[in-house]
Amino acid sequence: MGLIVQKFGGTSVGSVERILNVAQCVKEEKERGNNVVVVVSAMGKTTDHLVSLAKEISANASKREMDMLLTTGEQTTIALLAMALKEKGLEAISYTGWQAGILTEPVHSNARITKIQTAKLEKQLTDGKVVIVAGFQGVTESGEITTLGRGGSDTTAVALAAALGADRCDIYTDVTGVFTTDPRYVKSARKLMDISYDEMLELANLGAGVLHPRAVEFAKNYNVKLEVRSSMEKIEGTVIKGEATLEQNLVVRGVAFEDQITRVTILGLTNSLTSLSTIFTTLAQHHINVDIIIQSKTESDTTNLSFSIKTDDLNETLGVMENNKSLLGYDRIEAENGLAKVSIVGSGMISNPGVAAKMFEVLAQSEIEIKMVSTSEIKVSAVVEDQQMVKAVETLHDAFELAEDHR
Ligand code: ADP
Ligand code: ASP
Ligand code: MG
1 MGLIVQKFGG TSVGSVERIL NVAQCVKEEK ERGNNVVVVV SAMGKTTDHL VSLAKEISAN
61 ASKREMDMLL TTGEQTTIAL LAMALKEKGL EAISYTGWQA GILTEPVHSN ARITKIQTAK
121 LEKQLTDGKV VIVAGFQGVT ESGEITTLGR GGSDTTAVAL AAALGADRCD IYTDVTGVFT
181 TDPRYVKSAR KLMDISYDEM LELANLGAGV LHPRAVEFAK NYNVKLEVRS SMEKIEGTVI
241 KGEATLEQNL VVRGVAFEDQ ITRVTILGLT NSLTSLSTIF TTLAQHHINV DIIIQSKTES
301 DTTNLSFSIK TDDLNETLGV MENNKSLLGY DRIEAENGLA KVSIVGSGMI SNPGVAAKMF
361 EVLAQSEIEI KMVSTSEIKV SAVVEDQQMV KAVETLHDAF ELAEDHR
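Quick note on numbering: the numbering used here labels position 276 of the sequence shown as 276, and the sequence is numbered without any gaps.
Structural data, given as structure tokens:
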């Protein structure tokens with residue numbers, strides 16, 4: 001008997017009707033002779049709604065209480081799905097993250113899973129039950145409830161698949177697979193038959209919200225067979241695996257993007273040797289992720305430093321810098337909001353020079369100003385004004401011929 005982990009996202013469990021549809025999908029997998037673990041998200045826009053309720057009460061709610069609040073969303077869905085499965089004649093039991101033994105590091109709002117205690121789940125599976133686990137949540141060694149970051153239910157599913165040695169992890173969602181770019185923004189986006197872990201990891205890290213980056217990381221590290229597919233249409237999805245099918249002459253596999261980016265510039269650093277490490281160590285201690293970094297010497301022999309962050313982290317970043325001003329020794333700070341990052345990804349880039357040049361050329365032809373750039377072996381990212389983000393994505397999608405199948 002095989003073991004399949006199925007994960008259903010917010011839209012896929014967004015109403016009673018959808019939950020009944022999920023129950024049917026689980027039943028069909030059971031009827032194929034497999035044991036099933038189901039991971040679910042909060043219903044529809046529940047998490048967003050809970051976030052806005054909190055904001056109405058406090059602009060500075062503690063991350064611990066936010067976790068306490070947000071985990072209720074998933075708890076609703078697991079109970080309703082257990083009831084739906086029982087109505088369909090299946091034995092099922094629901095667990096919150098902490099009941100399911102999902103242990104995390106002691107960090108609120110964006111914790112990493114450190115261990116999964118599987119004995120209880122395995123016992124229930126052996127007894128023939130469908131095990132339902134709340135996505136996106138875990139517990140610390142000291143019993144504090146944590147969450148895994150927005151979109152983190154994918155990670156719960158893949159981590160469970162790895163820990164339980166599942167045969168496959170199916171991510172059921174509101175699109176039919178992984179596309180060359182977000183099909184909600186670009187109509188000519190094309191569904192990929194398969195994609196490598198490395199390319200998917202880059203796309204996810206660069207803003208392609210279809211999979212949580214840590215889910216892809218787990219899948220890669222533990223070699224979990226992962227498929228993204230539709231919860232509404234019974235058609236093949238996209239397989240994420242070690243080596244994807246090559247597409248002739250196709251160097252770029254996808255375009256990812258994210259808005260809400262801010263560029264912070266620290267002007268007049270007097271001691272760049274020590275202040276550079278102090279700045280980034282201090283920001284890391286506050287769990288502020290810094291992305292692109294640019295350093296330049298000025299004529300007066302001081303240093304200017306620019307880096308990009310998520311706009312949400314701006315206030316905290318400015319606070320941290322202000323508190324350490326004398327230690328860091330800088331003149332002043334500037335921040336530019338309203339930016340976005342657009343990235344092209346493809347493992348073929350390693351052996352094809354000129355991809356970045358082509359990207360800059362086509363963006364220039366479309367009169368899109370590039371504010372910052374970063375590259376790795378398999379991606380090139382450009383920071384642009386957020387009003388130009390979708391135009392930049394469309395331009396790149398066209399220029400790299402992503403709408404056409406090159407197999
Ligand atoms: P779920 O609630 O099922 O987890 P998400 O909203 O988190 O669903 O992820 C699915 C969404 O990801 C799609 O509706 C789509 O808009 C977005 N998306 C972004 N990039 C891509 C991509 N490259 N391929 C497919 N979907 C993408
Ligand atoms: N409900 C959480 C969110 O909306 C987790 C998830 O859906 O994956 O981010
Ligand atoms: Mg998601």
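Don't be surprised by glycine CBs; every beta carbon is placed ideally from N, CA and C.
- Query: Mind checking Leu121: buried by the 16 CB within 10 Å criterion, or exposed?
  - Reply: What you label residue 121 is simply residue 121 of the sequence shown in a count that begins at 1. When all chains shown are included, Leu121 counts as buried.
- Under 8 Å, do Ala163 and Cys169 count as touching if we go by C-beta distance? What you label residue 163 is simply residue 163 of the sequence shown in a count that begins at 1. What you label residue 169 is simply residue 169 of the sequence shown in a count that begins at 1. Annotated as distal: Ala163 and Cys169, with beta-carbon spacing of 8 Å or more.
- Task: Taking only beta-carbon positions, decide if Leu402 is within less than 8 Å of chain E.
- Result: The question asks about chain E, but that chain is absent: this structure has only one protein chain.
- Any non-hydrogen atom of ligand 1 within 7 Å of Phe179 CB: Residue mapping note: residue 179 aligns to position 179 of the sequence shown, counting from 1. Yes, ligand 1 has a heavy atom inside 7 Å of this Cβ.
- Same chain only: Cβ atoms within 6 Å of Lys225, ignoring 5 sequence neighbours per side: For the purposes of this step, residue 225 is taken as the residue at position 225 of the sequence shown. The answer, listed in chain order, is Arg168.
- Query: Would you say Glu74 touches ligand 2, meaning its beta carbon is less than 7 Å from a heavy atom?
  - Reply: Mapped onto the sequence shown, residue 74 falls at position 74. Yes, the beta carbon of Glu74 sits closer than 7 Å to at least one heavy atom of ligand 2.
- Please report how far the alpha carbon of Thr77 lies from the alpha carbon of Ser15, in whole angstroms. As a first step, residue 77 must be located in the sequence shown, where it is residue number 77. As a first step, residue 15 must be located in the sequence shown, where it is residue number 15. Their Cα atoms are separated by approximately 10 Å.
- Span separating the alpha-carbon of Leu50 from that of Val39: Within the sequence shown, residue 50 is the residue found at index 50, counting from 1. Within the sequence shown, residue 39 is the residue found at index 39, counting from 1. Note on geometry: alpha-carbon atoms of Leu50 and Val39 lie some 20 Å from one another.
- Query: How would you label Ile309, buried or exposed, when you count the other beta carbons within 10 angstroms and need 16 or more for buried?
  - Reply: Residue mapping note: residue 309 aligns to position 309 of the sequence shown, counting from 1. Classification for Ile309: buried.
- Message: Please classify Asp405 as buried or exposed, where buried requires at least 16 other C-beta atoms within 10 Å of its C-beta.
- Response: In the sequence shown, residue 405 corresponds to position 405, counting from 1. Exposed, since its Cβ has fewer than 16 Cβ neighbours within 10 Å.
- Message: So, with DSSP's three-state summary, where would you put Leu192?
- Response: Within the sequence shown, residue 192 is the residue found at index 192, counting from 1. Coil, per DSSP.
- Three-state secondary structure (DSSP) at Gln388? The residue you call residue 388 lines up with position 388 of the sequence shown. Gln388 falls in the helix class under three-state DSSP.
- Task: May I ask whether a heavy atom of ligand 2 can be found less than 7 Å away from the beta carbon of Arg18?
- Result: Translated into the one-based positions of the sequence shown, residue 18 becomes position 18. Arg18: no, Cβ never under 7 Å from ligand 2.
- Query: If we count the other Cβ atoms within 10 Å of its Cβ and call it buried at 16 or more, is Gln124 buried or exposed?
  - Reply: As a working mapping, residue 124 is identified with position 124 in the sequence shown. Taking all protein chains in view, the Cβ of Gln124 is crowded by 16 or more other Cβ atoms within 10 Å, so the residue is classified as buried.
- Start-end ranges of the beta strand (DSSP E) lying completely within the segment 156-193, minimum 3 residues: You should have 168-173.
- Task: Using only alpha-carbon positions, find the residue among Ile370, Ser275, Thr114 that is nearest to Met321.
- Result: On the sequence shown, position 321 is the one that residue 321 refers to. Out of Ile370, Ser275, Thr114, Ser275 has the C-alpha closest to the C-alpha of Met321.
- Message: Quick check: does the Cβ of Pro353 come within less than 7 Å of any heavy atom belonging to ligand 1?
- Response: Reading the sequence shown from its first residue, position 353 is the one you call residue 353. No - ligand 1 has no heavy atom lying nearer than 7 Å to the Cβ of Pro353.
- Item | Inter-stretch contact at 8 Å, needing at least 3 Cβ pairs: the segment 253-263 / the segment 180-196 | They touch, by the three-pair rule.
- Query: Taking just the CA atoms, how far does Glu29 sit from Arg229?
  - Reply: On the sequence shown, position 229 is the one that residue 229 refers to. On the sequence shown, position 29 is the one that residue 29 refers to. Distance between the alpha carbons of Arg229 and Glu29: 14 Å.
- Could you name the residues, in chain order, whose CB is less than 5 Å away from a heavy atom belonging to ligand 3? Cβ atoms closer than 5 Å to ligand 3 belong to Gly9, Gly151.
- Answer yes or no: the CB of Gly97 versus the heavy atoms of ligand 5, is any distance below 7 Å? Ligand 5 is not part of this structure, which contains only ligand 1, ligand 2 and ligand 3.
- Item | Ile235 - DSSP class collapsed to helix/strand/coil | Taking the first residue of the sequence shown as 1, we reach residue 235 at position 235. In this structure, Ile235 counts as coil in the three-state DSSP scheme.
- Residue range of the alpha helix (DSSP H) that Leu50 falls in? Locating residue 50 in the sequence shown gives position 50, where the first residue counts as 1. It spans 46-57 - the alpha helix (DSSP H) in which Leu50 sits, taken as one unbroken run.
- Using three-state DSSP, classify Asp67 as helix, strand or coil. By one-based count along the sequence shown, residue 67 stands at place 67. Three-state DSSP puts Asp67 in a helix.
- Task: Report the partner residues of Gly138 according to the DSSP bridge assignment.
- Result: Numbered from 1 along the sequence shown, position 138 holds the residue referred to as residue 138. Under the DSSP definition of a beta bridge, Gly138 partners with Thr146.
- Item | Residue from Ala157, Ser366, Thr262 with nearest C-alpha to His397 | Position 397 of the sequence shown, counted from the start, is the residue given in the question as residue 397. Residue Ser366 is the option with its Cα nearest to His397.
- Item | Cβ-Cβ separation, Val175 to Val210 (assumed contact under 8 Å), whole Å | Walking along the sequence shown from the start, residue 210 turns up at place 210. Walking along the sequence shown from the start, residue 175 turns up at place 175. Separation of the CB atoms of Val210 and Val175 is rounded to 7 Å, and the pair is thereby assigned contact status at 8 Å.
- Message: Quick check on DSSP: helix, strand or coil for Tyr330?
- Response: Counted from its first residue, the sequence shown places residue 330 at position 330. Looking at Tyr330 - three-state DSSP - the assignment turns out to be coil, as it is neither helix nor strand.
- Rounded to a whole number of angstroms, what is the C-alpha to C-alpha distance between Gly348 and Val390? In the sequence shown, counting from the first residue as 1, residue 348 sits at position 348. In the sequence shown, counting from the first residue as 1, residue 390 sits at position 390. If you take the alpha carbons of Gly348 and Val390, they lie about 24 Å apart.
- With burial defined as no fewer than 16 other Cβ atoms inside 10 Å of the residue's Cβ, what is the status of Asn289: buried or exposed? Within the sequence shown, numbered from 1, the residue matching residue 289 stands at position 289. When all chains shown are included, Asn289 counts as exposed.
- Message: I need the DSSP call for Phe360, collapsed to helix, strand or coil.
- Response: Position 360 of the sequence shown, counting from 1, holds the residue named residue 360. Phe360 sits in a helix when the DSSP states are folded into three classes.
- Pick helix, strand or coil for Thr118, following the three-state DSSP scheme. In the sequence shown, the residue the question calls residue 118 occupies position 118. Thr118 falls in the coil class under three-state DSSP.
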